[in-house]
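Read the structure below first, then the notes.
Number of protein chains: 2
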Amino acid sequence: MKSGSNSIREVAKAAGVSIASVSRTLSNPEQVSEKTRSLVMDAIEKTNYKINRAARNLRMHQSGEILVLVPNLGNPFFSEILSGIEKTFQNTYYNVLIANSLGYDESEDLLAGHLENNHADGIIILDGQVSPRAHSWLSQHAAKHNVIFACEWVDGLEQPIIRSNNAQGAATAIRYLHSLGHRKIAHVTGPKENILTLARSKGVTEEQARLGLTMDPEWVVEGNFSLKSGYRAAEKILAAKNRPTCVFCDSDQMAFGLISRFNIEGIRVPEDISVMGFDDIELSEFYVPPLTTIRQNRHGIGTAAAERMLALIKNEITSGSNQECKIEVELVVRNSCKRITTPK
Amino acid sequence: MKSGSNSIREVAKAAGVSIASVSRTLSNPEQVSEKTRSLVMDAIEKTNYKINRAARNLRMHQSGEILVLVPNLGNPFFSEILSGIEKTFQNTYYNVLIANSLGYDESEDLLAGHLENNHADGIIILDGQVSPRAHSWLSQHAAKHNVIFACEWVDGLEQPIIRSNNAQGAATAIRYLHSLGHRKIAHVTGPKENILTLARSKGVTEEQARLGLTMDPEWVVEGNFSLKSGYRAAEKILAAKNRPTCVFCDSDQMAFGLISRFNIEGIRVPEDISVMGFDDIELSEFYVPPLTTIRQNRHGIGTAAAERMLALIKNEITSGSNQECKIEVELVVRNSCKRITTPK
DNA sequence: TATCATAATGTAACCGTTTACATTTATATA
DNA sequence: TATATAAATGTAAACGGTTACATTATGATA
């Protein structure tokens, strides 16, 4: 007494057609006549048919999963990107799996594991730190699998990249600070080797050169994008013999940490020192003071990455040809940077 | 020339055993002798065998997916809960799918859809707002499917619930504020009908009664847990004829919004007014001022929910018997509440 | 009308597992 | 040693779709 199972055959019986016609109605409707299509549709309705993904996946040699690897789910920067990705895949056949890229076990190499198991039909990587094992895999199998980098990336790999115009953003920040009269500009960066740090540092250096500014080495302090690292960076800034009048941070989170520590030390922002962030996460508008920052179009990055992935899967483009996609950033001025009169 | 496919048979051939033995070695190792087990293991290694999940799922009538529905991925409150969930499922067979519960299409009833399609082997719902359609489904199929509520829940449904001790937390907040000398305590709540709002309001009311305090109606203002709603709540607080000396918010995010607005209006926290939050998200420590709040054990909620789900799946417990699980909360005092001398 | 090309349908094999059942092998007992 | 029982293994039938190939229906053309 097989009840609900045998599904497609049940539908076929109810519609008075063969199982092939049912299948075709679902996956290749153009191959089927108007008449049978409606017959089948009615039968599907009547039998309350729901396709069995496992069966379909088995037969079609796919998994129906898109994996997205984020460095840290807890970082609110990523949330809107994920929204963009999910939204794009919402009406497709694919599920999206989100995982913290470093796994929870130190030893676990999640990315490499997924890559080698070809567990997923596609992988979107939001993390530029890939293990050597994953790296070698990626460089060898570039063209055969659907992998895309977004936000971060790793130089030398062939996979497509969706990213913000980081150098441009950094340059804009410096220019804005300069326009406010600041000449002594500190820079709190991400990890030294991080690809974003590199790109943005290039932007500030070039813009400073353009403006004829010089950077005192004690003004650049390394962080890791986190609140805590911003908090710690404040110490170094305050300890500088030649104290900067403002500081540009490579993430809003670091800016928060920095401001928080400044306040504890009795240094007011922006009265005593200006600070600027990068990202424009939701909280920035509601911080004290509201944060002036460089906005990344996070939703745009997410949807762009997802659409690119869909194209990859449909073979409209190939991985391994490293198509660039730079998404523009935007200055949003709020209240954390003050105009100063440049001392002669 | 079938190459890599046919997997389990390849392994069987390489090991010199039947496919059944290979399968058993993998899924029921205790049914197989020591000798064949090692034979098979070696063969798996040699052939670089990776199990085909689709085939397994098809045969076993399961999907291998656990769905977790969050109201809003962008809310950092949920991130650590998700971490707890993911971590727990990391070493199991299950994938965890995260979805915004309201979908992206207004019309889309994601939960109901998933429920009816039995797309997932289990669903963890972090959202107390379920559609009527989903609600009726849940009340009818309570026992047959694996559904768990965490954080939020809906009264009258039978599914297991993992939640913080909300009333207790609210009471603790009030008691703390009272101990600081505050007598005029405002309360910024979640949506009026929200289950958390109800639980916490009960906590504050009861505790106020215990302490002999009265609540001026203009001191309770409704929000929706978001930054913006906290920002707006500030207006009403400031407009009160009898201005409170402190305000307790049902979420840290609302506290941020509130403080942000206070600052813009020239009201300092905690000098002019104290504010307290609920949740203790990561940022609270780094806000200006650092936020005094009630900490929810978010990681604990996540892992508890996940473990409960695993037990459900293994049939160690049944859904539909509404086992309670209340997780304790904790007062964390920082800098947003000030002692005042009670006016006579 | 007969003929042919084309569109629509049907039949059945296959995707890679698990597992009921049959069979063989090992172990304990008389 | 013969026999009964238990443990280990093997054979083959599912699971629910897709699709190559064969067949039938349809329409156009001579």
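Quick note, the sequences are listed as chains A and B, same order. With the first letter of the first sequence counted as 1, position 7 gets the number 7 in the UniProt record's numbering; the numbers rise by one all the way through. With the first letter of the second sequence counted as 1, position 274 gets the number 274 in the UniProt record's numbering; the numbers rise by one all the way through. For every residue, glycine included, the Cβ atom is placed at its ideal position computed from N, Cα and C.
Residue i: contacting residues in chain B (beta-carbon distance under 8 Å)
{"i": "residue 112/A", "result": "Per Cβ cutoff of 8 Å: no residues; residue 112/A is ~13 Å from chain B at best."}
{"i": "residue 231/A", "result": "286"}
{"i": "residue 65/A", "result": "95"}
{"i": "residue 164/A", "result": "In chain order: nothing, as chain B lies at least about 18 Å away."}
Cβ-Cβ distance between residue i and residue j below 8 Å
{"i": "residue 280/A", "j": "residue 252/A", "result": "yes"}
{"i": "residue 291/B", "j": "residue 232/B", "result": "no"}
{"i": "residue 17/A", "j": "residue 36/A", "result": "yes"}
{"i": "residue 69/B", "j": "residue 99/B", "result": "yes"}
{"i": "residue 151/A", "j": "residue 81/A", "result": "yes"}
{"i": "residue 305/B", "j": "residue 261/B", "result": "no"}
{"i": "residue 21/B", "j": "residue 54/A", "result": "no"}
{"i": "residue 131/B", "j": "residue 111/B", "result": "yes"}
{"i": "residue 308/A", "j": "residue 195/A", "result": "no"}
{"i": "residue 187/A", "j": "residue 256/A", "result": "no"}
{"i": "residue 197/B", "j": "residue 203/B", "result": "no"}
{"i": "residue 122/B", "j": "residue 317/B", "result": "no"}
{"i": "residue 337/B", "j": "residue 244/B", "result": "no"}
{"i": "residue 301/A", "j": "residue 74/A", "result": "no"}
{"i": "residue 115/A", "j": "residue 142/A", "result": "no"}
{"i": "residue 23/A", "j": "residue 8/A", "result": "yes"}
{"i": "residue 127/A", "j": "residue 71/A", "result": "yes"}
{"i": "residue 66/B", "j": "residue 94/B", "result": "yes"}
{"i": "residue 199/B", "j": "residue 167/B", "result": "yes"}
{"i": "residue 207/B", "j": "residue 174/B", "result": "yes"}
Beta carbon proximity, residue i to chain A, threshold 8 Å
{"i": "residue 71/B", "result": "no"}
{"i": "residue 131/B", "result": "no"}
{"i": "residue 4/B", "result": "With a pLDDT of 43 at residue 4/B, under the threshold of 50, the modelled position of this residue cannot be trusted; read the value that follows with caution. So, not an interface residue."}
{"i": "residue 74/B", "result": "yes"}
{"i": "residue 57/B", "result": "yes"}
{"i": "residue 144/B", "result": "no"}
{"i": "residue 26/B", "result": "no"}
{"i": "residue 307/B", "result": "no"}
{"i": "residue 136/B", "result": "no"}
{"i": "residue 213/B", "result": "no"}
{"i": "residue 126/B", "result": "no"}
{"i": "residue 237/B", "result": "no"}
{"i": "residue 332/B", "result": "no"}
{"i": "residue 177/B", "result": "no"}
{"i": "residue 160/B", "result": "no"}
{"i": "residue 191/B", "result": "no"}
Partners in chain A for residue i, counting only beta-carbon separations shorter than 7 Å
{"i": "residue 206/B", "result": "Correct list: empty, because the minimum Cβ distance to chain A is about 31 Å."}
Contacts that residue i makes with chain B (C-beta to C-beta distance below 9 Å)
{"i": "residue 86/A", "result": "73, 98, 99, 100, 104"}
{"i": "residue 227/A", "result": "282, 283, 285, 286"}
Neighbour flag for residue i against chain B, beta carbons, 8 Å
{"i": "residue 338/A", "result": "no"}
{"i": "residue 79/A", "result": "yes"}
{"i": "residue 224/A", "result": "no"}
{"i": "residue 282/A", "result": "yes"}
{"i": "residue 1/A", "result": "Low confidence applies here, because residue 1/A scores a pLDDT of 35, under 50, leaving its location unreliable; read the following figure in that light. Not an interface residue."}
{"i": "residue 274/A", "result": "no"}
{"i": "residue 244/A", "result": "no"}
Chain A contact residues for residue i, given Cβ-Cβ distances below 9 Å
{"i": "residue 115/B", "result": "Near residue 115/B there are no residues of chain A at all, since even the closest Cβ is about 11 Å away, more than 9 Å."}
Partner residues on chain B for residue i, Cβ-Cβ distance less than 7 Å
{"i": "residue 82/A", "result": "73"}
Scan the stretch 250-271 of chain B for residues whose Cβ lies nearer than 7 Å to a Cβ of chain A and list them as they occur along the chain. Residues of the stretch 250-271 of chain B with a C-beta atom less than 7 Å from some C-beta of chain A are 256, 257, 259, 260, 263, listed in chain order.
Short-range partners of chain A found in the UniProt domain "HTH lacI-type" (7-60) of chain B, where Cβ spacing is below 9 Å: If the cut-off is 9 Å between Cβ atoms, the UniProt domain "HTH lacI-type" (7-60) of chain B has 48, 50, 51, 52, 53, 54, 55, 56, 57, 58, 59, 60 near chain A.
Enumerate, from N- to C-terminal direction, the unbroken alpha helix (DSSP H) stretches of 4 or more residues contained entirely within the stretch 187-271 of chain B. For the stretch 187-271 of chain B, whole alpha helix (DSSP H) runs of length 4 or above, ordered along the chain, are 195-211, 227-239, 252-264.
Go through the stretch 42-96 of chain A residue by residue and report every complete run of the beta strand (DSSP E) that reaches 3 residues or more, in order. Runs found: 65-70.
For the stretch 116-184 of chain A, which segments carrying the alpha helix (DSSP H) assignment without a break, of at least 4 residues, lie completely within its bounds, in sequence order? 132-140, 166-179, all fully within the stretch 116-184 of chain A.
Got a sec: which bits of the stretch 288-305 of chain A sit with their beta carbon under 9 Å from any beta carbon on chain B, in order along the chain? Here the close residues are 288, 289, 290.
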